[in-house]
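A short worksheet on the structure shown next.
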Amino acid sequence: MSRNASIRIGTRGSLLARTQSEGVAAALRQAGVAVELVVIATTGDVRTDIPIAGLVRAGGSDGVFVRELEQALRDGRIDAAVHSCKDLPTSLPNGLELACVPGRAEPFDVVVGRSAGTLASLPPHAVVGTSSVRRVMQVRALRPDVEVRPVRGNVDTRLRKLDAGEVDCLILAGAGLGRLGLGHRVTEVLQPPAFWPAIAQGALAIEVRADDERTRTVVRLLDCPETHAAVRAERSCLASLAGGCLAPIGGWARSEGGGLRLGAVVFGMTDGNVSRVTAEAVSESAGESPEQLGRRVAASLEAAGAADMLAAFRAQSAPR
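Counting from -17, one number per residue, gives the positions in the sequence shown under the working numbering.
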């Protein structure tokens, strides 16, 4: 690629993905960088008729929303890929790297309700729409008297199902609604310790080829060191637990006193009853890396029983 060539940024085709990538492109253009967006369909976008768990099993690994983008990176069809960071597996393909994490949007899940605006105000037997195992377990822990129904598709599709009366409320990522200008639909914000977000939720990830110094240097113009450090700690914790996009694991890291505070949770379910183990720690010194903090919190979770809970979850989720 010549010095003055445009940087080709790959994006999924959903409205949210394109909106996020357009934001990245606009910031780079403001810095004087020529940018071209390349839309690439991913398995997770195309096969909305199959639960994510089924797609992961069929593909043999996580990454149903990123695989095709990563292949385009390796093939040289694009120079960078913009992902929702929570969709990016903790282990990247050889030759690719996470070069930039811009400033984070709201990391929390939210309720979008019709008549009842909060989880607590839902009537018994109300229908809550979500497909995430992490969200399902937390809803069942808080409201065992409601029905949880899988809802897939992009944000607009889910909102249409809500407005059509198929569900009484949705649990969604607040960041996505905010980026789409739909923050007015939020009726409740769900925060720890009552309700934990996904690892790296609300953050974007810009992935590049490891040997492409020019693109790496350019996209790092948008890097937010504070957010990047938080995401590194969260992803390290997830990797240490051998979790993935399906595992019932939540976490949230934020700056505190010049260091990082990381909290994380693992959920389990036995005979319909939801259990959890949580751990929290603050970086001990300037010498402790975000990755070391993540591993320390993961070790605390495992000592509290998380390893057995995750093993049971994997056994229950395995294809029969």
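All C-beta atoms in this analysis are idealised placements derived from N, C-alpha and C, irrespective of residue type, glycine included.
Per DSSP, which residues does residue 119 bridge with? Please list them. According to DSSP, which records beta bridges pairwise, residue 119 is partnered with nothing at all.
In whole angstroms, what is the alpha-carbon distance linking residue 25 and residue 267? 42 Å
Can you tell me the Cβ-Cβ gap for residue -7 and residue 21, rounded? I've got them flagged as a contact below 8 Å. 6 Å
Any idea if residue 13 is buried or exposed, counting beta-carbon neighbours within 10 angstroms, 16 or more meaning buried? exposed
With DSSP as the reference, please indicate the residues paired to residue 306 in a beta bridge. Given a span of -17 to 302 for the chain in the structure shown, any question on residue 306 remains unanswerable.
If you draw a straight line from the alpha carbon of residue 129 to that of residue 220, how long is it in whole angstroms? 29 Å
Nearest CA to the CA of residue 119: which residue from 254, 265 and 275? 254
Beta-carbon separation of residue 56 and residue 184 under 8 Å? no
Compare the beta carbon distance of residue 64 and residue 3 with 8 Å and say whether it is the shorter of the two. yes
CA-to-CA distance, residue 73 to residue 289, given in whole angstroms: 19 Å
Would you mind sorting residue 218 into buried or exposed? The rule is 16 or more other CB atoms within 10 Å of its CB. buried
By Cβ distance below 6 Å, which residues in the same chain neighbour residue 49 in space, the five residues on each side in sequence not counted? none
Residue 223 - DSSP class collapsed to helix/strand/coil: coil
Measuring CB to CB, does residue 88 end up less than 8 Å from residue 189? no
At the level of alpha carbons, what is the spacing between residue 161 and residue 91? 14 Å
According to DSSP, simplified to helix, strand and coil, what is residue 14? coil
Runs of beta strand (DSSP E) wholly within the region 250 to 299 (minimum 3 residues, chain order): 255 to 264
According to the Cβ coordinates, are residue 168 and residue 159 closer than 8 Å? yes
Span of the beta strand (DSSP E), counted from its first residue to its last, around residue 129: 129 to 131
Based on the DSSP output, what are the partners of residue 246 in its beta bridges? 233 and 261
Give the DSSP-derived three-state secondary structure of residue 66 in the structure shown. strand
Nearest-angstrom Cα distance between residue 60 and residue 54? 6 Å
Short of 7 Å in beta carbon distance, which residues of its chain neighbour residue 275, apart from the five on each side in sequence? Order them along the chain. 215, 242, 244, 263 and 265
Local Cβ density within 10 Å of residue 238, reported as buried at 16 or more and exposed below that: exposed
In this structure, how does DSSP classify residue 72 when only helix, strand and coil are distinguished? coil
Taking all protein chains shown into account, decide if residue 37 is buried (16 or more other Cβ within 10 angstroms of its Cβ) or exposed. At residue 37 the pLDDT is 42, less than 50, meaning the model places this residue with poor confidence and gives no usable figure here.
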